[in-house]
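First comes the structure, then the notes that go with it.
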Amino acid sequence: MIELEVRGVYKNFGGLQALNDVSFQVRGPELIGLIGPNGAGKTTLTNVLDGIHKPTGGQVWFNGERIDGFPPYEIARRGIGRTFQVTRAFRRMTVLENLLVPAMAMHPTARQRSFRDKAMEVLRFLTMEHLAKEYARALSGGQQKLLELGRLLMLDPDIIILDEPFAGVHPKLMEIIYEYITTINAQDKAFLIISHDMDTIFTLSQRLLVLDFGTLIADGDPTAVRNDPAVIEAYLGEDEEERKDA
Amino acid sequence: MSDHPVRAHRRITLPLKQARVQRWVGVAVLVTLLLLSPLYLNQSPYQMGVVTGAFFYAILASSWSLLAGVAGQFSFAHMALAGIGAYSAGLLGRDLGTSPLTGIIAGTLAAGFVGLVIGLLCLRLRAAYLALFTIAFSEIVRIILLTEFQYTEGTNGLQLAPLYEGITPLAEYYVTLGLLLVSMAVMYWISSSRFGLFLRAMREDQEAAAAMGVNVVRYKVLIFVVTSLIVGLAGAVFYHQVRIITPNTMEILQMSLIIAMAVIGGMESLLGAAIGAFLSRISLELLREINILGIHIELGAWRYAAFGLLLMFTLRFAQNGLLYPIIDRLFMRRVREETVSARAQTAEVEP
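So this is what it looks like as structure tokens:
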């Protein structure tokens, strides 16, 4: 049973408070959307979850173990995988080599050869098997996003964090990513998806978290969140003076 | 893909075997030429010394290629580490009367230890910051060796004993060639292993590699230690052959030459960097003085200017180096492609 618990997490960058007392839980293979206006702290939260940032305060627990302060590779090995907002494929490595990196890192004693078949299966699933020998830098932006998803399949984490998986992606590739998420979710993997594509995220998610100015202002069923006045206010905006008064 | 699985299997695996054979034949020819070249060079101890020196530079350039080209750690400390290996061996021999072999082992370990410290100190440094850090480190080492002349003999240079009494230039040639071949084999093994895969991933994006489960701290420190051990060993052995080492060998110009040689050969290719260094070193020696239509010209420092021009040309027009694309086309490309894909493709077509 997957269990992620974020307990009162704060993250400050100098005088800027990027996360303010954020708490939530993920129990089981939930498909959770994480939304919020630009600068709300969504990416900072994912960076805290995967160990790039150490929280200023609060705790992160995963499957009964406190993981905040662990280096990213330890967190990845424990079962939290992520993609990045700006695609970060290993550009001067082939597509197949990109997929071998997480597999080899997760299985230190296994031989490289034993993962090639699995990597090709993953590429087939992502309709990219014909690109196996290409350097990642030769791929389009959308294909590089698929490649990042493929790396996650090789990592085989329990929780998958996707940062803007639909941004700037061709509709056809978007369908593939959508299918990826639903198929993998059906295999008991939890998802935390950041997206500005409201239609997709509301359709896809079973639960929505909404961040605004580093504070979690809503957590619940997408329909309920859609009608939440605090969420509407965060998205439609309010008068700056009113905010200061508040 | 053929309809017949067995036929398809054959079609895929045969070129792989051919390519591997082609590569090994190429390596065998190269090694045989190097093994036999003393038959020609033996007529001139000077020429033998130049080629032996070129082997030393080939080790430095290829190990720098592993560190900077494969792992993305742009360090300027290589010559300083070779110097640390040589000075450690020399000082132990002079002050404690240890044998050259003991000194070489100690010098290698000393360079490895310093590499470990540099690796740990540079964990968070990237690109220009790492380069500046290692330049500063190299200069500190050089200045210490220069000023502490009561221990190091300063600019007079530290005398080192020969590897053994009565060693001939021919034996020194084969010792250095052996060192080059062994270090190349070790570096190739590293770069084609899991370690090498992780190094290249880290070179591309450290955060993304860490997010994929790669312990970037361990591998970053490890590659500094490994390359420091290699250059420390090379430095200790080579300067036992030269019989003297001075702090000038650690000047930034010397390190720049190593980098230029690696870049001209192909920074991301161990073999390209080694061949680049070998040919560059010999060319620099040949260009000391030239005869054109009976006119004798001493080029002196101008040969370095020509070398600089070649480097600029390489950086502008051939960023993969001048030699690497040729090596890649002749021996590597098909092997790499087939090695990566053959297994998976074979699985795809097998019943």
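From first to last, the protein sequence lines are chains A and B. Take the first sequence: its letters are residues 1 to 246, numbered as in our numbering. Take the second sequence: its letters are residues 1001 to 1351, numbered as in our numbering. Cβ coordinates follow ideal geometry from the N, Cα and C atoms, glycine included.
Collapsed DSSP secondary structure at residue i in the structure displayed
i, result
"residue 999 (chain B)", "In the structure displayed, chain B extends from 1001 to 1351; residue 999 (chain B) sits before or after that span and is not available."
"residue 1220 (chain B)", "helix"
"residue 1029 (chain B)", "helix"
"residue 1022 (chain B)", "helix"
"residue 129 (chain A)", "helix"
"residue 185 (chain A)", "helix"
"residue 1294 (chain B)", "coil"
"residue 206 (chain A)", "coil"
"residue 1352 (chain B)", "Residue coverage of chain B in this structure runs from 1001 to 1351, which leaves residue 1352 (chain B) outside it and unanswerable."
"residue 163 (chain A)", "strand"
"residue 1351 (chain B)", "Residue placement at residue 1351 (chain B) cannot be trusted, given a pLDDT of 33 that sits under 50; what the coordinates show is reported in the next sentence. DSSP places residue 1351 (chain B) in coil when its eight states are reduced to three."
"residue 1053 (chain B)", "helix"
"residue 1123 (chain B)", "coil"
"residue 1001 (chain B)", "Caution is warranted here: a pLDDT of 37 is assigned to residue 1001 (chain B), below 50, making its placement in the model unreliable, and no coordinate value can be reported."
"residue 1238 (chain B)", "helix"
"residue 1153 (chain B)", "coil"
"residue 220 (chain A)", "strand"
"residue 1148 (chain B)", "coil"
"residue 1340 (chain B)", "Here residue 1340 (chain B) scores only 48 on pLDDT, less than 50, and its place in the model should not be relied on; the value that follows carries that caveat. Helix at residue 1340 (chain B)."
"residue 1138 (chain B)", "helix"
"residue 52 (chain A)", "coil"
"residue 1047 (chain B)", "helix"
"residue 1175 (chain B)", "helix"
"residue 235 (chain A)", "helix"
"residue 197 (chain A)", "coil"
"residue 229 (chain A)", "helix"
"residue 47 (chain A)", "helix"
"residue 111 (chain A)", "coil"
"residue 1167 (chain B)", "coil"
From the options, residue whose alpha carbon lies closest to that of residue i
i, options, result
"residue 1107 (chain B)", "B:1114, B:1094, B:1089", "B:1089"
"residue 986 (chain B)", "B:1048, B:1292, B:1022, B:1192", "Since the first residue of chain B shown is 1001 and the last is 1351, residue 986 (chain B) is not available in this structure."
"residue 1230 (chain B)", "B:1064, B:1122, B:1044", "B:1064"
"residue 1243 (chain B)", "B:1325, B:1172, B:1217, B:1194", "B:1172"
"residue 202 (chain A)", "A:70, A:131, A:140, A:222", "A:222"
"residue 1298 (chain B)", "B:1185, B:1306, B:1287", "B:1287"
"residue 196 (chain A)", "A:190, A:187, A:169", "A:169"
"residue 191 (chain A)", "A:199, A:174, A:209, A:161", "A:161"
"residue 43 (chain A)", "A:235, A:110, A:214", "A:214"
"residue 13 (chain A)", "A:207, A:114, A:56, A:38", "A:56"
"residue 46 (chain A)", "A:159, A:89, A:140", "A:159"
"residue 1058 (chain B)", "B:1184, B:1250, B:1249, B:1203", "B:1184"
"residue 1083 (chain B)", "B:1096, B:1036, B:1111", "B:1111"
"residue 155 (chain A)", "A:140, A:79, A:4, A:72", "A:79"
Chain B residues whose Cβ lies nearer than 8 Å to that of residue i
i, result
"residue 90 (chain A)", "1200, 1201, 1204, 1205, 1208, 1209"
"residue 112 (chain A)", "1194, 1197"
"residue 77 (chain A)", "1213"
Under 7 Å from the C-beta of residue i: neighbouring residues of chain B
i, result
"residue 50 (chain A)", "1211"
"residue 102 (chain A)", "1212, 1213"
"residue 106 (chain A)", "1213"
"residue 252 (chain A)", "Outside the modelled stretch of chain A, which goes from 1 to 246, sits residue 252 (chain A), for which no answer is possible."
Bridge partners - residue i, DSSP secondary structure assignment
i, result
"residue 66 (chain A)", "A:61"
"residue 215 (chain A)", "A:212"
"residue 94 (chain A)", "A:135"
"residue 26 (chain A)", "A:4"
"residue 12 (chain A)", "A:17"
"residue 1159 (chain B)", "B:1244"
"residue 191 (chain A)", "A:31, A:160"
"residue 80 (chain A)", "A:159"
"residue 1289 (chain B)", "B:1298"
Contact with chain E by residue i, beta-carbon distance below 8 Å
i, result
"residue 179 (chain A)", "No chain E appears in this structure, whose protein chains are A and B."
Under 9 Å by beta carbon: chain B residues contacting residue i
i, result
"residue 97 (chain A)", "1197, 1200, 1201, 1340"
"residue 128 (chain A)", "What residue 128 (chain A) touches in chain B: nothing, since even the nearest Cβ is about 12 Å away."
"residue 198 (chain A)", "Residues of chain B passing the Cβ test: none, with the nearest at roughly 27 Å."
Any C-beta of chain A within less than 8 Å: which residues of the region 1194-1222 of chain B qualify? Hits within the stretch, in order: 1194, 1197, 1198, 1200, 1201, 1203, 1204, 1205, 1207, 1208, 1209, 1210, 1211, 1212, 1213, 1214, 1215, 1216, 1217.
Closer than 9 Å, Cβ to Cβ, to anything on chain B: give me those residues from the region 57-75 of chain A, in chain order. The residues in question are 71, 72, 73, 74, 75.
Cβ-based contacts, 7 Å cut-off: residues of the region 139-160 of chain A near chain B: With the criterion set as a beta carbon lying under 7 Å from some beta carbon of chain B, the members of the region 139-160 of chain A are 151, 155, in sequence order.
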